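All remarks here apply to the structure that follows.
2 protein chains.
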Amino acid sequence: MNNLRKGVILLSGGLDSTTVLAIAKSEGYQPYAISFHYGQRHAYELSAAKRIAQQMGVSEHTIVELNLRQFGGSALTDNIDVPKRTNADEIGSEIPITYVPARNTIFLSFALAWAETLGASDIFIGVNVLDYSGYPDCRPEYIEAFEQMANLATKAGVEGTQRTTIHTPLIDMTKAEIVRRGLELGVDYSMTTSCYDPSETGAACGHCDACLLRLKGFAENQIKDPAQYS
Amino acid sequence: MNNLRKGVILLSGGLDSTTVLAIAKSEGYQPYAISFHYGQRHAYELSAAKRIAQQMGVSEHTIVELNLRQFGGSALTDNIDVPKRTNADEIGSEIPITYVPARNTIFLSFALAWAETLGASDIFIGVNVLDYSGYPDCRPEYIEAFEQMANLATKAGVEGTQRTTIHTPLIDMTKAEIVRRGLELGVDYSMTTSCYDPSETGAACGHCDACLLRLKGFAENQIKDPAQYS
Numbered sequence: 001m002n003n004l005r006k007g008v009i010l011l012s013g014g015l016d017s018t019t020v021l022a023i024a025k026s027e028g029y030q031p032y033a034i035s036f037h038y039g040q041r042h043a044y045e046l047s048a049a050k051r052i053a054q055q056m057g058v059s060e061h062t063i064v065e066l067n068l069r070q071f072g073g074s075a076l077t078d079n080i081d082v083p084k085r086t087n088a089d090e091i092g093s094e095i096p097i098t099y100v101p102a103r104n105t106i107f108l109s110f111a112l113a114w115a116e117t118l119g120a121s122d123i124f125i126g127v128n129v130l131d132y133s134g135y136p137d138c139r140p141e142y143i144e145a146f147e148q149m150a151n152l153a154t155k156a157g158v159e160g161t162q163r164t165t166i167h168t169p170l171i172d173m174t175k176a177e178i179v180r181r182g183l184e185l186g187v188d189y190s191m192t193t194s195c196y197d198p199s200e201t202g203a204a205c206g207h208c209d210a211c212l213l214r215l216k217g218f219a220e221n222q223i224k225d226p227a228q229y230s
Numbered sequence: 231m232n233n234l235r236k237g238v239i240l241l242s243g244g245l246d247s248t249t250v251l252a253i254a255k256s257e258g259y260q261p262y263a264i265s266f267h268y269g270q271r272h273a274y275e276l277s278a279a280k281r282i283a284q285q286m287g288v289s290e291h292t293i294v295e296l297n298l299r300q301f302g303g304s305a306l307t308d309n310i311d312v313p314k315r316t317n318a319d320e321i322g323s324e325i326p327i328t329y330v331p332a333r334n335t336i337f338l339s340f341a342l343a344w345a346e347t348l349g350a351s352d353i354f355i356g357v358n359v360l361d362y363s364g365y366p367d368c369r370p371e372y373i374e375a376f377e378q379m380a381n382l383a384t385k386a387g388v389e390g391t392q393r394t395t396i397h398t399p400l401i402d403m404t405k406a407e408i409v410r411r412g413l414e415l416g417v418d419y420s421m422t423t424s425c426y427d428p429s430e431t432g433a434a435c436g437h438c439d440a441c442l443l444r445l446k447g448f449a450e451n452q453i454k455d456p457a458q459y460s
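Chains A and B supply the protein sequences, listed in that same order.
All residue numbers for the first sequence refer to our numbering, where the first residue is 1 and numbers rise by one.
All residue numbers for the second sequence refer to our numbering, where the first residue is 231 and numbers rise by one.
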């Protein structure tokens, strides 16, 4: 396909965002990946994002340095214990302790700034409402409101020359459906990391909410998760 | 007044945001100031923000380190010449070269994250539609859309326990009215800096759009601008 449209993809190095990158490519977008070093307790997912960006041939990979730790309040950035369980069915629908205040709003704002500079009007984010119903900034009504705001925030939006779209291809999919779609598109999931609390070598714990959901997604496809577990 | 409500104020060190801080205080808010080190060509306005925060007794002053330079595209962050004029009336209504892509969206997103952590539901920003009609992210419809998005993005918004408000006390004021209001509230404008292109010692150029508007605002109050000009 020639004359590709540029798409900005939020890439965390996890299963979801890697699948989104594969979907954007399959839809004919020229992929620009953006990742964030935001004071995660482990930088392992960032090196996964780098490997994925390279292996999947993105046109450019930008890593934004942020310090969300200075605002505190999450098990993903602070010294708060990540909850461990034995079964994905135990995951509740309350807002989890791993919620980082306004994280997706900050991430999407940077993606918007970059998109505007690139002349891109398509932003892709791997939010998903089924598995993470507890995160306010993963719901369709939030994404819709962000899109509306974005179109009032930018030059192109105001001049009416280009309308920004926030694409959420995974929004209604189960983890099993996401894995299936990614495998169809040839995603190598051994490169991805989902764990909230990996070991020092990057091996997944297998018992945090992210691991349990991921394992369930592979199990429902009768496939072994190729990620490393400790 | 006891039992003050916390208010998060975006403080750049300029005339507008310093006036906003004074207004928030006068309305009984306990002020939390947030500033950004975002790759401005000069860090002079950040030291002004620090002095102002201290002198005006904010409860806490957070400085967020960002690199908006990596996205490029503005005379405020890149090596693009800041336009100089002799008269404020020459300022057009097109989007200026000093526009930084999605800047206010990024700034407000961080303010939102901090507000959520503080348990604050009031955010103050010194946007103004009359003088800077060229910036898309200074218009009331943009602010309204951001507020709507913010109330879908946060725990408190979703749980219905607290509604976030974006306050824009200067939105409809002329520069002369802003100066008048600040002087009534006892603002010491000698601490503030507005210039887009100050000298190495921090003296204002007197000929960029920001200087011209500021000088006009003081002149219309028959008062000499106490800022240092080169």
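We put the beta carbon where it would ideally sit given N, CA and C, even for glycine.
This structure is a prediction, so every number in the text was calculated from the model and none was measured.
Listed as beta-bridge partners of glycine 237/B by DSSP are Pro261/B and Asp352/B.
In the same chain as alanine 283/B, and ignoring 5 residues on each side of it, the C-beta atoms closer than 6 Å to its own belong to Ala263 and His291, in chain order. For serine 121/A, the closest alpha carbon among the candidates Ala113/A, Pro101/A and Pro169/A is that of Ala113/A. Isoleucine 52/A: member of the alpha helix (DSSP H) spanning 44-55, first to last residue. The beta-carbon distance between proline 136/A and valine 129/A, rounded to whole angstroms, is 11 Å. This is too long to meet the 8 Å contact definition.
For valine 64/A, there is no enclosing alpha helix (DSSP H); the residue is found in the beta strand (DSSP E) stretching over 60-65.
Boundaries of the beta strand (DSSP E) around threonine 165/A: 165-167.
Rounded to whole angstroms, the gap between the alpha carbons of phenylalanine 376/B and asparagine 104/A is 14 Å. Note that the C-beta distance between threonine 192/A and alanine 48/A is below 8 Å.
For glycine 206/A, there is no enclosing alpha helix (DSSP H), since its DSSP letter is neither H nor E. Assignment of tyrosine 229/A by DSSP, reduced to helix, strand and coil, places it in the strand class. When only Cα atoms are considered, glycine 160/A and proline 198/A end up about 46 Å apart.
Within chain B, not a single residue places a beta-carbon under 7 Å from that of leucine 11/A; the smallest gap is close to 16 Å. Setting aside the 5 residues that flank it on each side, lysine 175/A is surrounded in the same chain by Asp131, Leu213, Arg214, Lys216 and Gly217, each with a C-beta closer than 7 Å to its C-beta; the list follows chain order. Contact check for methionine 56/A against leucine 21/A passes: the beta carbons are separated by less than 8 Å.
With respect to alanine 204/A, serine 230/A sits close: the two C-beta atoms are nearer than 8 Å. Taking each of Ser26/A, His37/A, Asp89/A and Leu68/A in turn and checking the Cα distance to valine 58/A, the smallest one comes out for Ser26/A.
Using a Cβ-Cβ cut-off of 8 Å, glutamate 60/A does not count as an interface residue toward chain B, since no Cβ of chain B sits closer than that to its own.
Restricted to the region 139-168 of chain A, the beta strand (DSSP E) segments that are unbroken, complete and at least 3 residues in length are 165-167, listed in chain order. Using a Cβ distance threshold of 8 Å, leucine 234/B and glycine 258/B count as a contacting pair. Excluding residues up to 5 positions away in sequence, His37 lie with their Cβ nearer than 6 Å to the Cβ of glutamate 65/A in the same chain.
Around the C-beta of glutamate 116/A, 16 or more other C-beta atoms lie within 10 Å, and the residue is accordingly described as buried. Burial check for glutamine 378/B: the Cβ neighbour count within 10 Å reaches 16 or more, so the residue is buried.
Its chain contains Ala176, Val179, Arg180 and Leu183 as the residues whose beta carbon lies nearer than 8 Å to that of asparagine 221/A, once the 5 sequence neighbours on both sides are disregarded; these appear in chain order. Put simply, of Lys454/B, Ile253/B, Ser242/B and Gly243/B the residue whose alpha carbon is nearest the alpha carbon of leucine 400/B is Ile253/B.
Identification of chain A residues near glycine 416/B by a Cβ-Cβ cut-off of 9 Å yields none; the smallest Cβ-Cβ distance measures about 31 Å.
For the C-beta of phenylalanine 301/B, the chain A residues within less than 7 Å are, from N- to C-terminus, Ala113, Trp114 and Thr117.
At a cut-off of 4 residues, the continuous stretches assigned as alpha helix (DSSP H) that sit fully inside the region 396-426 of chain B are 405-414. Residue environment for proline 456/B: exposed (fewer than 16 other C-beta atoms within 10 angstroms of its C-beta).
Within a 10 Å sphere around the beta-carbon of lysine 385/B sit 16 or more other beta-carbons, which makes this residue buried. Interface annotation, serine 35/A: not in contact with chain B, CB-CB separation never under 8 Å. A Cβ-Cβ separation of about 14 Å leaves histidine 167/A out of contact with phenylalanine 107/A under the 8 Å criterion. For alanine 273/B, no Cβ of chain A is located within less than 8 Å of the residue's own Cβ. Within the region 156-170 of chain A, Gly157 and Val158 place their CB atoms closer than 7 Å to a CB of chain B, listed in sequence order.
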